[in-house]
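Here the protein sequences line up with chains A and B, keeping their order.
Under the numbering used here, the first residue of the first sequence is numbered 185, with each subsequent residue one higher.
Under the numbering used here, the first residue of the second sequence is numbered 185, with each subsequent residue one higher.
C-beta atoms are modelled at their ideal positions from N, C-alpha and C, and glycine is treated no differently.
All values reported here derive from a predicted model rather than from experimental measurement.
Protein chains: 2
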Amino acid sequence: MTQDSLTVGKFLFDYLYAQGAKHAFGIPGDFALPTFRWLDASPIQLITMTHEPSVGFAADGYARVNGLGVACVTYCVGGLNMLNSVACAYAEKSPLIVISGGPSPNDRKNDPLVHHKVRTFDTQRRIFEEVTCANTVLMNPERAAEEIVRVVREVQTQCRPGYIEIPYDVVDMPIAAPVIRNVPPPESDPENLEAAIEDAVTMINGAKKPVIVADIELHRHNLTDLAVELAGKYNIPIAATLLSKSVVSEQNPLYVGVYSGGLSEPETQKLVEESDCVLLLGAFLSDVFMGMDNSAALQRKRCILATTEKTLIGLRRYENIQLADFVERLIAAPLTVRPRFENPVSMREPLELPPTQEQEAITVESFFQILENEMPDDATLICDTGDALLGAIGLRTSQRKNFLSDAYYLSMGFAVPASVGAMAANPDSRAIVIAGDGAFQMTGIELSTIAKEKMAPIVCVINNDGYGTQRHIIDGPFNNIHPWDYGQLCALLRYGTPYRVTTKGELKRALQDAVAKPEMALIEVVVPRDDCSRPLRRLGEGLGKLRDAKKRQGG
Amino acid sequence: MTQDSLTVGKFLFDYLYAQGAKHAFGIPGDFALPTFRWLDASPIQLITMTHEPSVGFAADGYARVNGLGVACVTYCVGGLNMLNSVACAYAEKSPLIVISGGPSPNDRKNDPLVHHKVRTFDTQRRIFEEVTCANTVLMNPERAAEEIVRVVREVQTQCRPGYIEIPYDVVDMPIAAPVIRNVPPPESDPENLEAAIEDAVTMINGAKKPVIVADIELHRHNLTDLAVELAGKYNIPIAATLLSKSVVSEQNPLYVGVYSGGLSEPETQKLVEESDCVLLLGAFLSDVFMGMDNSAALQRKRCILATTEKTLIGLRRYENIQLADFVERLIAAPLTVRPRFENPVSMREPLELPPTQEQEAITVESFFQILENEMPDDATLICDTGDALLGAIGLRTSQRKNFLSDAYYLSMGFAVPASVGAMAANPDSRAIVIAGDGAFQMTGIELSTIAKEKMAPIVCVINNDGYGTQRHIIDGPFNNIHPWDYGQLCALLRYGTPYRVTTKGELKRALQDAVAKPEMALIEVVVPRDDCSRPLRRLGEGLGKLRDAKKRQGG
């Protein structure tokens, strides 16, 4: 081959770059080294992490902001170590391309024991089949380009991860430039669409207090603007969910907060549950959405559910309708324009900390209040599972896409590595990472990558001395963790400024200092061991009741 | 139920304890909390870790020393995050029980979106089916005990991991005490066994220089003593492999070192490859065993291969023969007693560091020499992948089971978490953990668990400023890592004594100091960036040649 000829590896990364992946995240290994050489030579900027679980979360975080994430690892010891992060992206519909090195077709003859092999050479692909929407092993260079295009398209269409395994020798093989055909987008059945819109208009216009719940699928499929337009044109209030928080601007006058059953702020819950027509757009009707304990009081016959997978008006289902078509047609439909909406979910006033409270111990509630006052307008909040997420329900961000969390899959350890992806995708927004001490001990060491990349997040570790969320469900010694002197991480990494705060005044000043300095801050926020946010307290009570009830049912 | 009645959870942990699991390793989560409550109430001692990948390695390390490991995690976010470690145990035949919490049978009705669920409620089980020899979801309490016994027995028989998923409500359900029947061990076909022994005797007695290679299956199935007896009775030299290193005492006068193709010490390689009858007992004929580059010169017609899966005398295969029967019958067979073996693989003399070398920079080779001089006789060496493993090929341990490494699967990050399991299983042996800086950055933070459990390993981080092993294959910026000030981990964890050594004299004194103190020592061993062990140098060259050759074949 000549120096300029196309190879599998060159095509792969040029194509991914053209599709919008300006960064990739990875850890090399021997079967993947030739692939990393092509990645390094491509226009994509590679960020290597310390551990594969973090590679997946970083690429997922990038995908959530940017639209397409790329995670590059080696065979089995790399790929299988990233499985949980890819499962998270599957569960929450994040478009993530997994690229794994692999043994060569020659290695596979006669099924020998080759290092990293688990049961068969197909084990890793079979496992990833369970958590991806498309997968391929590029055994044949002549079909490689076509296969790459197929997997990437499925990922973009379905917003789920895809898997591409590349034998270490195939990646270097020359190929002809492929002809890439455009595929027309799927179309709605026009009669079904007509009928659904007619019924939806009747239901919405007949309702006194319609409300829109804008969920995460809208964001994944670039439809949020349509939902906001629908709300604005007809003065319909619009709520978000924990998963979609911030994809509708939280400063929008029609925005009424995060709905999540009994975990919601009371005004938001009332507004949604007393509505006589709830438009659930792009919704995940998960247990988290329902408040974890089925506390959500939403009657199906008063809901319109439109997602990429189905369309329901009340109890009636309509087949073959595209979500985009449905929302676009609703905007154009003869809906009644409502009077100006008097938003009862008042914007919380910037609450200056009274001097009398300076010496008070920090609680989870007050942490979020003080943070809301001090955080920059353009900040991106990345919250880990537990009270770091639940406590943020009531906090308002300013700009679009300024909140990230794995709020359905709820894997601990998401926030720090995901922030690496978010910062790469949106370097102009200051990242504020919030993690409980238990979650932080899982993946917080990824501050190493933040140091390597000279990124400048403000990282808050909420230290309540263990797995606090679980303590509210069942407590035992298994919820204890080793107490770290968190600030010493800055010395370990020779990077960033450590803070340790125990009073509200100290927290305020640490945040002010961190916001003022363009460098990484690591703030250990000490809260009482048994303190928690109001939503978590409601959740602990709710879950306890629910499980008792299920047991009585003889489940 | 009365307070004393048996439940699924009580039976599970009582049974595992009776089968030898005195410790378990885990991280709780909401679906697993009721299971953790039973574990906490059982006689098994639970060690909670910081991150699930480490849970699997710790339980695996425990299994390798103790015979049965238990890893307890929550549904999907826990289990899937541990998949790579379980795959490692599968690949290297380590008997590991995975216990995962799960949703209740009631939760699963109508297939709702429940947090942690990926695609279906069966996703996690299907994935674990690929890396376990038996699996079960305890949906029915009446069959739970029988299912638990079945999975544990398969794990013990096959020495592969097994998977038990327990819905959070089922674990509390009362059950009747089960009748546990003994299952007779499988038997050899007597005629086949007779024929195989006859042919083996002919081949061995006809050989001038027979040699035994004792591999890891012997250890897993408690057959090492038989192999040592066979060697001793007939004066046949005996080698180990990287996987089985130390399961035959390295002080045995017949022991000739670790055989691993071109990675072996030259005398060991010569002795095995010039033998006219190589008894491969319990062997994994992997690429690592073959020296990674097919450098192993072993003709099949001069080998006897006896494993749990097959028996081959030269090119002839014999069906249905149990490995134990084969070795026992060989011991009793009329083999020729050889003359006393003159071991050419001389024991390396304790090499006192010459004062003239005190100021010299440490190399990987000299690190292992100095370590061999200074380490206590009863130490257990736990080596991570890379030069931490390859450099240890020539180092001799004193006692049985004093060397642990994932020397076939080669997953980086094994050593620190596996040492937690090894120390729990054998608290009387001082653990010496050796990891390269890249591997240490993956899971070294598990020193947190070591601190929590007040364990006292000597941890050596070989700092060559990046992924050194990979640099010898293909180098690029992807092999760079962020430079840590490793000793600061002791400040972070408020535990242990840090050392940083750059000269041979400093290393010697740090090791002497660490050996003298019964507490954790963390020694950063700085070696030149491009230095490596002789085996790694041979490996880099060999792999390069091999891949070039394969490419020329047009693979």
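- Rounded to whole angstroms, B/R303 and A/R580 show a C-alpha spacing of 32 Å.
- Rounded to whole angstroms, the separation of the alpha carbons of B/Q203 and B/D356 is 22 Å.
- Taking a contact as a CB-CB distance under 8 Å, the pair A/V442 and A/L455 does not count as one, their CB atoms being some 12 Å apart.
- Taking C-alpha positions only, A/M474 is separated from A/S238 by approximately 29 Å.
- Listed along the chain, the chain B residues whose CB falls inside 9 Å of the CB of A/A275 are C260, L297, H299, H300, K301, V302, R303.
- Within the segment 221-252 of chain B, R221, D224, L230, T232, T234, H235, P237 place their CB atoms closer than 7 Å to a CB of chain A, listed in sequence order.
- DSSP, reduced to helix, strand and coil, places A/T341 within a helical segment of the structure shown.
- Inclusion of B/L676 and A/L676 in the CB contact set at 9 Å is warranted, their separation being smaller than that value.
- Nearest CB-CB separation between A/N294 and chain B: not below the 9 Å threshold.
- Contacts between A/D714 and chain B, judged by CB atoms closer than 7 Å, are missing: the closest CB pair is about 17 Å apart.
- Spatial neighbours of B/C644 in its own chain (CB-CB distance under 6 Å, excluding positions within 5 residues in sequence) are listed in chain order as I618, I707, V709.
- By DSSP's assignment, A/A255 forms a beta bridge with A/F209, A/V282.
- Around A/N268, the beta-carbon contacts reaching into chain B at under 7 Å are V261, L264, N265.
- Look at B/Q229 here: in three-state DSSP terms it is strand.
- Below the 8 Å Cβ cutoff, chain A contributes A271, E314, V315 as neighbours of B/T307, in chain order.
- For the C-beta of A/M626, the chain B residues within less than 7 Å are, from N- to C-terminus, T234, H235.
- At a cut-off of 4 residues, the continuous stretches assigned as alpha helix (DSSP H) that sit fully inside the segment 628-677 of chain B are 631-636, 652-655, 672-677.
- Contact between A/A380 and A/D460 does not hold, since the beta-carbon distance rounds to 19 Å and is not under 8 Å.
- With its beta carbon at least 9 Å from every one in chain B, A/G466 lies outside the interface.
- One Cα belongs to A/P702, the other to A/A640, and the distance between them is close to 6 Å.
- With distances taken between CA atoms, A/L438 lies nearest to A/V412 out of A/T633, A/V412, A/S444.
- Restricting attention to A/T307, A/N478, A/V254, A/I505, the CA atom closest to the CA of A/L489 is found in A/I505.
- Judged by pairs of C-beta atoms under 8 Å, the segment 250-258 of chain B touches the segment 207-219 of chain B, as three or more such pairs exist.
- With its beta carbon less than 9 Å from one in chain B, A/R310 belongs to the interface.
- A residue is called buried once 16 or more other Cβ atoms fall within 10 Å of its Cβ, and A/N648 is buried on that count.
- Unbroken beta strand (DSSP E) stretches of 3 residues or longer found wholly inside the segment 547-571 of chain A: 564-567, given in chain order.
- The C-beta separation of B/V339 from B/E558 comes to about 38 Å, leaving the pair out of contact by the 8 Å criterion.
- For B/Y439, the uninterrupted beta strand (DSSP E) segment begins and ends at 439-442.
- In terms of CA proximity to B/E512, B/L465 leads the group B/Q541, B/P528, B/E549, B/L465.
- Unbroken beta strand (DSSP E) runs of no fewer than 3 residues, entirely contained in the segment 422-510 of chain B, are found at 422-424, 439-442, 461-465, 487-490, 495-497, 500-502, following chain order.
- According to DSSP, A/V685 shares a beta bridge with A/V709.
- Distance from B/I332 to B/I348 at the Cβ level is roughly 6 Å; contact confirmed, criterion being Cβ atoms closer than 8 Å.
- DSSP, read as helix, strand or coil, puts B/F195 in helix.
- Per DSSP, the beta bridge partners of A/E349 are A/S284, A/V321.
- When secondary structure is reduced to three states using DSSP, B/F587 falls in the strand class.
- When the five nearest sequence neighbours on each side are left out, the beta carbons in the same chain lying within less than 6 Å of the beta carbon of B/M626 are those of M596, G597, in order along the chain.
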